[in-house]
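Numbering (the numbering used here), first residue to last: 177 to 403.
In what follows, a single structure is set out as structure tokens and then discussed.
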Amino acid sequence: MKYEILLFDADHTLFDFNKSEYCALKEALEFYSLPSTDDVIERYSVINVKYWKMLERGEIDKKSLMLARFVEFAREYGFEERAEELSDLYMSNLAHEAHLFDGALEMIEELSKKYRLFIITNGVKSTQDGRFGISPITKYFEKIFISEVIGAEKPSKEFFSAVENGIDGYCREKAIVIGDSLSSDIKGAINSEIDCIWYNPSKKEAPEGWNITYTVSDFDEILAILK
Numbered sequence: 177m178k179y180e181i182l183l184f185d186a187d188h189t190l191f192d193f194n195k196s197e198y199c200a201l202k203e204a205l206e207f208y209s210l211p212s213t214d215d216v217i218e219r220y221s222v223i224n225v226k227y228w229k230m231l232e233r234g235e236i237d238k239k240s241l242m243l244a245r246f247v248e249f250a251r252e253y254g255f256e257e258r259a260e261e262l263s264d265l266y267m268s269n270l271a272h273e274a275h276l277f278d279g280a281l282e283m284i285e286e287l288s289k290k291y292r293l294f295i296i297t298n299g300v301k302s303t304q305d306g307r308f309g310i311s312p313i314t315k316y317f318e319k320i321f322i323s324e325v326i327g328a329e330k331p332s333k334e335f336f337s338a339v340e341n342g343i344d345g346y347c348r349e350k351a352i353v354i355g356d357s358l359s360s361d362i363k364g365a366i367n368s369e370i371d372c373i374w375y376n377p378s379k380k381e382a383p384e385g386w387n388i389t390y391t392v393s394d395f396d397e398i399l400a401i402l403k
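Shown next as structure tokens:
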């Protein structure tokens, strides 16, 4: 196997972000005695994804995103005056939610015996620092690259160039990106000419014409490729 460096996305790949988001938002809504049903939380999630896609396309900056998603969400349910407070409390809560997918820790433990491991994430630094700080998986990673620190988001070439420059002994031909997002992880890898593993547990159809090196639906398939 030619690879030496594994560049792992964090949320939706190793971390169960949906669970973390649910717990953080439910707690924040209940603190302010606001509606916190599953339908309400699901609606926030849809709005949140929309804004992160806008960020990936360069249509909004991250600072604006943080509040704009809550303004839209709160407006729909009639508590717009709470949007900023809710946003702040949610982010504070999220820093303490670091749920891993089943099998993620065991996979990383195994891969760490043979490879150099790194995390590449578009998350917010303060939130990700909190989550990574309490997760048992973090010790296996040599370095964590956060877009807010770099000043560029996946899938931009600027982000991946910063990753390359931030790893001693980096060789593009010996690196591979592993992530769930076509629009950030996989597109970024392809644009930067890095091999990639698309983690696709829901078994979606691959886009036509995309040069995806590998597609997998579970962690065992990742281990099979890399072992």
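For each residue, glycine too, the CB sits at the ideal point set by N, CA and C.
Expected contact under 8 Å - CB spacing of residue i and residue j to nearest Å
{"i": "Asp204", "j": "Leu265", "result": "Strictly speaking, residue 204 in this sequence is Ala, with Asp absent from that position. With 8 Å as the limit, Ala204 and Leu265 qualify as a contact, their Cβ atoms being about 4 Å apart."}
{"i": "Leu287", "j": "Ile313", "result": "Not confirmed; about 11 Å, so no contact."}
{"i": "Leu243", "j": "Glu260", "result": "6 Å"}
{"i": "Thr303", "j": "Ala271", "result": "5 Å"}
{"i": "Leu276", "j": "Leu190", "result": "6 Å"}
{"i": "Ile326", "j": "Phe317", "result": "Contact doesn't hold; Cβ gap of about 16 Å is too wide."}
{"i": "Ile362", "j": "Trp374", "result": "5 Å"}
{"i": "Ser212", "j": "Lys202", "result": "5 Å"}
{"i": "Ser393", "j": "Pro377", "result": "5 Å"}
{"i": "Thr360", "j": "Asn269", "result": "The sequence as given places Ser at residue 360; Thr does not occur at that position. No, Ser360 and Asn269 are not in contact; Cβ-Cβ is about 24 Å, not under 8 Å."}
{"i": "Leu399", "j": "Met283", "result": "6 Å"}
{"i": "Ser221", "j": "Glu197", "result": "6 Å"}
Residue i, enclosing alpha helix (DSSP H) - first and last residue
{"i": "Cys347", "result": "Note, Cys347: premise wrong, no alpha helix (DSSP H); not H, not E."}
{"i": "Tyr198", "result": "193–207"}
{"i": "Ala274", "result": "Where Ala274 is concerned, there is no enclosing alpha helix (DSSP H), given that its DSSP letter is neither H nor E."}
{"i": "Phe246", "result": "238–253"}
{"i": "Lys226", "result": "214–232"}
{"i": "Asp264", "result": "259–270"}
{"i": "Asp396", "result": "395–402"}
Simplified DSSP assignment, three categories, for residue i
{"i": "Val300", "result": "coil"}
{"i": "Asp361", "result": "helix"}
{"i": "Trp386", "result": "coil"}
{"i": "Phe184", "result": "strand"}
N- and C-terminal bounds of the beta strand (DSSP E) containing residue i
{"i": "Ile354", "result": "351–355"}
{"i": "Ile373", "result": "371–375"}
Where are the alpha helix (DSSP H) runs, 4 residues long or more, that stay fully inside the segment 293–338, in chain order? Taking only runs of at least 4 residues, the alpha helix (DSSP H) segments lying wholly in the segment 293–338 are 301–310, 323–326.
Per the contact definition of three or more C-beta pairs closer than 8 Å, is the segment 288–295 in contact with the segment 310–326? Contact between the segment 310–326 and the segment 288–295 is present, because at least three Cβ pairs lie under 8 Å.
Does the structure place the segment 337–347 close enough to the segment 251–258 that three or more beta carbon pairs sit under 8 Å? With a cut-off of 8 Å, the segment 337–347 and the segment 251–258 do not count as touching, because too few Cβ pairs lie within range.
Looking at C-beta atoms only, is the number of pairs between the segment 348–362 and the segment 182–192 that lie closer than 8 Å three or more? Yes: at least three Cβ pairs fall under 8 Å.
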